[in-house]
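Accompanying notes for the structure given below.
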Amino acid sequence: MQAPDLDFCGIREVEMIYEDSAGQRHTLRYPVWGQGCGNEN
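At position 13 of the sequence shown the residue is numbered 24 (my numbering), and the sequence of numbers has no breaks.
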């Protein structure tokens, strides 16, 4: 499993690809708030 790149400003959909205990790969897409906005709120 690899963490998404959060070096952007605003909200963006990212994906996480993982393998379950049966060996099947799955893709999970979800929105995250980027960490590249500096001190903006």
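Note that CB positions come from ideal geometry on N, CA and C, so glycine has one too.
Beta-carbon proximity list for residue i, same chain, < 6 Å, skipping 5 on both sides
i, result
"Leu20", "Position check: residue 20 holds Cys in this sequence, whereas Leu was assumed. Taken in chain order, the residues that qualify are Gly45, Gly47, Cys48."
"Thr38", "Glu26, Ile28"
Sequence-distant residues of the same chain with beta carbon closer than 8 Å to residue i, five excluded per side
i, result
"Asp18", "Gly45, Gln46, Gly47"
"Pro15", "Val25, Glu26, Met27, Val43"
Whole-angstrom C-beta distance between residue j and residue i, which should lie under 8 Å
i, j, result
"Arg36", "Glu24", "With a Cβ gap of about 19 Å, Arg36 and Glu24 do not count as contacting."
Check: residue i C-beta below 8 Å from any heavy atom of the ligand SAH
i, result
"Trp44", "Inclusion of the ligand SAH in the displayed structure is not the case, the ligand content being empty and no account of it being possible."
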